[in-house]
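*Asks:* Quick note, our numbering runs 1095 ahead of the 1-based positions in the sequence shown.
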Amino acid sequence: MITTHFDLMEHVDQRRLVVDQLIKPEQRANYSQFLTPAPIAEYMASLFKPSDQPRVRLLEAGAGIGSLIAAFVQRFSQQASIQALTIDAYEIDDLLMPQLATTLETCQQVAAKAAIQCQTTIFNTDFIQAATQKIQLAAWQANNGYTHAILNPPYKKIQNSSLTRKLLRSVEIETVNLYSAFLALTIHLLAPLGELVAIVPRSFCNGVYFKPFRSMLLKQMAIRQIHSFDSRTEPFKDNAVLQELVVLHAIKHEQQASVIISQTPLNQLSSIKQREIPFAQLVQPLDPQQFIHLPTEIHNDQTIQLMQQLPCTLDDLGLKASTGPVVDFRLAQHLRDQPATDTYPLFYPIHCRSHFVEWPIVASNKPNAIKQDTAVMKWLYPNNGSYVLIRRFSSKEEVRRVKATVYHPEIQATNYLAIENHLNVIHTAKNGLNRHLAQGLALYLNSTFYDTCFRQFSGHTQVNVRDLYALRYPSQLQLINLGQKLDSQPNPDQLTIDKWVKEVALV
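(1) My guess is that Asn1526 and Gly1578 are in contact by the Cβ rule of under 8 angstroms, so how many angstroms apart are they, rounded?
(2) Starting from Phe1222, follow the alpha helix (DSSP H) in both directions and report where the run begins and ends.
(3) Could you tell me how far apart the beta carbons of Val1452 and Thr1500 are, in whole angstroms, since I believe they sit closer than 8 angstroms?
(4) Among the candidates Ile1318, Leu1532, Ile1355 and Phe1308, whose CA atom is the shortest distance from the CA of Leu1581?
(5) Among the candidates Ala1226, Ile1399 and Gln1173, whose CA atom is the shortest distance from the CA of Lys1208?
(6) Which of the three DSSP states, helix, strand or coil, is assigned to Thr1181?
(7) If you draw a straight line from the C-alpha of Ile1164 to the C-alpha of Arg1425, how long is it?
(8) My assumption, with CB atoms under 8 angstroms, is that Ala1158 sits in contact with Phe1277. Please give the rounded CB distance.
(9) Measuring straight from C-alpha to C-alpha, what distance separates Ile1356 and Ile1372?
(10) What residue from Asp1189, Gly1535, Ala1210 and Ala1184 has the CA that sits closest to Leu1199's CA?
(11) Taking 7 angstroms as the CB-CB limit, is Gln1204 close to chain B?
(12) Using the three-state DSSP reduction, which class does His1100 fall into: helix, strand or coil?
(13) Quick check on DSSP: helix, strand or coil for Thr1242?
(14) Could you check how far apart the C-beta atoms of Tyr1439 and Thr1509 are, in whole angstroms? I think they sit under 8 angstroms.
(15) Between the Cα of Ala1175 and the Cα atoms of Asp1147, Ala1345 and Thr1201, which residue gives the shortest distance?
(16) Count the other CB atoms, across all protein chains shown, that sit within 10 Å of the CB of Ser1162; report buried if there are 16 or more and exposed otherwise.
(17) Work out the CA separation of Val1494 and Leu1484 for me, nearest whole Å.
(18) Helix, strand or coil for Gln1148 per DSSP?
(19) Looking only at DSSP bridge pairs, what is Cys1407 linked to?
(20) With H, G and I counted as helix, E and B as strand and the rest as coil, what does DSSP make of Gly1578?
(21) Which residue spans inside the stretch 1460-1540 form an unbroken alpha helix (DSSP H) run of at least 4?
(22) Whose C-beta lies closer than 6 angstroms to the C-beta of Glu1186 among residues of the same chain, with five residues either side of it excluded?
(23) Taking DSSP as the reference, what is the three-state secondary structure of Val1560?
(24) With H, G and I counted as helix, E and B as strand and the rest as coil, what does DSSP make of Gln1351?
(25) Using the C-alpha atoms, what's the distance from Leu1180 back to Ile1211?
(26) In three-state DSSP terms, what is Gln1369?
(27) Tell me where the beta strand (DSSP E) around Ala1416 begins and ends.
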């Protein structure tokens, strides 16, 4: 028998490590679930407010072996006001059923020692299907709304034609990933003033596809705290999870107040840095996309305020951002390792390693050219000016998220050029830019200022076109003046770039 609160979490986590070894890769991919380590589970449970309610109803929508439930019971069994605890645990994976049952039995023992009546129910079924059925019963929520919910939901894209998408739309939920679907359904099932704590990818904070979910979240819930991790790999290092994760704490129908922003260096939950910011700093009042910004340092507050004061958007500058149109495997027959008289230049991220394009790269494992052919013309750009190329992908651990490189037309005497799909390109209606405008824009994009602002609202490890449109820019004249500095010093270091941007563009 488990006799102490400490033993409860230690016992559950030991079983988690054993079960993790039994889950086959194809099974993990199918259910898209990663079991929560004890330190994270205990931290999540600590975020709930002390309860003054005699009866608590807890929902865990993707229970796994019950680590989050155990952490919740450990915390709330120490609160004298609680007389009864009802726990509903949903888990679809049959492999985890015996372990989940063991955890809940142990939780009942801990609750009984604290004189708390504890009733537990395991639902071995699809949470999305069960939850949509409950939401459609209007009387259910009025009488049975949960006072608390804690979850680590699955992460997996939802296909547009799937039954899951149809079920969600039947209760007016529009979203693209299982994790946001689980959150949206859980919010519906909460009682007024019900609390939610969840560990989820940060990707819901921005992006057009998550806008309906953000709107629903911000309308129904008051965000109290968002916690981020410095490392993308550390929170679930046993499973090599590469998502950028946050812990979200929110309360249903409570009036929105200031928000706690906290951060953990390398998952050291004993070394949490946190501060409180106005909600208007988290979500800008006039932002139609309702992006959620996560400033993690005090000096970043001033940076984002300065960004908002800059005069231009990309549209104001007359510029467009697009994803490189060449998908190499679809045009494989036209690709060439090295340039020839019958080819056009082709650019991959490997060609964008410094301030200016490096091309061709003889020792590259990527093609350097594409054959001149009518079949490829619609994927090309005219070689009539300069372009700014931006790498779409990076890792969170890299120093910089945004990496821009300048292409100038004199690189080869040719009429067209090709840009591969792992790059974004900034152009003027599919034509080249003024030379100094392109250079100034690249310097600005490569500045610490821009990178800091970008990281505050983007949780992706990639740079999407819409992200480039979301931020603001200096005027065209400021960018041109900035770009002229590259003529006399073509290889500036980061300190020099930051100094130039501050002097020329951020005045």
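We put the CB at the ideal spot given by N, CA and C, even for glycine.
*Replies:* Taking the structure as given:
(1) Contact check for Asn1526 and Gly1578: beta-carbon distance about 18 angstroms, past the 8 angstroms limit, so the pair fails to qualify.
(2) Under the DSSP assignment, Phe1222 falls in the alpha helix (DSSP H) whose first and last residues are Phe1222 to Ile1230.
(3) In this structure Val1452 touches Thr1500 by the C-beta definition: roughly 6 angstroms separates them, less than 8 angstroms.
(4) That would be Leu1532, whose Cα lies nearest to the Cα of Leu1581.
(5) Comparing Cα-Cα distances from Lys1208 to each of Ala1226, Ile1399 and Gln1173, the minimum goes to Gln1173.
(6) Strand, per DSSP.
(7) For Ile1164 and Arg1425, the distance between alpha carbons rounds to 48 angstroms.
(8) Between Phe1277 and Ala1158 the Cβ distance is about 12 angstroms, and since that is not below 8 angstroms, they are no contact.
(9) CA-CA distance, Ile1356 to Ile1372, rounds to 7 angstroms.
(10) Of the candidates Asp1189, Gly1535, Ala1210 and Ala1184, the residue whose Cα lies closest to the Cα of Leu1199 is Ala1184.
(11) No chain B appears in the structure shown, which is made up of a single protein chain.
(12) Residue confidence for His1100 is low, a pLDDT of 45 falling below 50, so the modelled location carries little weight and cannot support an answer.
(13) Note: Thr1242 maps to strand in three-state DSSP.
(14) With a contact defined as Cβ atoms closer than 8 angstroms, Tyr1439 and Thr1509 qualify at about 5 angstroms.
(15) For Ala1175, the nearest C-alpha among the options comes from Asp1147.
(16) Its Cβ being crowded by 16 or more others within 10 Å, Ser1162 is buried.
(17) One C-alpha to the other measures close to 19 angstroms.
(18) Reduced to three states, the DSSP call for Gln1148 is coil.
(19) Partner(s): Tyr1568.
(20) Residue state for Gly1578 is assigned as helix, using DSSP reduced to three classes.
(21) DSSP assignment within the stretch 1460-1540 yields the following whole alpha helix (DSSP H) runs of 4 residues or more, N-terminal first: 1530-1540.
(22) For Glu1186, where only same-chain residues beyond five positions count, the Cβ hits under 6 angstroms are Ala1158 and Leu1195.
(23) Residue state, collapsed to three classes: helix.
(24) When DSSP states are grouped into helix, strand and coil, Gln1351 belongs to the coil group.
(25) Near 7 angstroms, if we compare the C-alpha coordinates of Leu1180 and Ile1211.
(26) Collapsing the DSSP output to three states places Gln1369 in a strand.
(27) Element bounds for Ala1416: Lys1415 to Thr1418.
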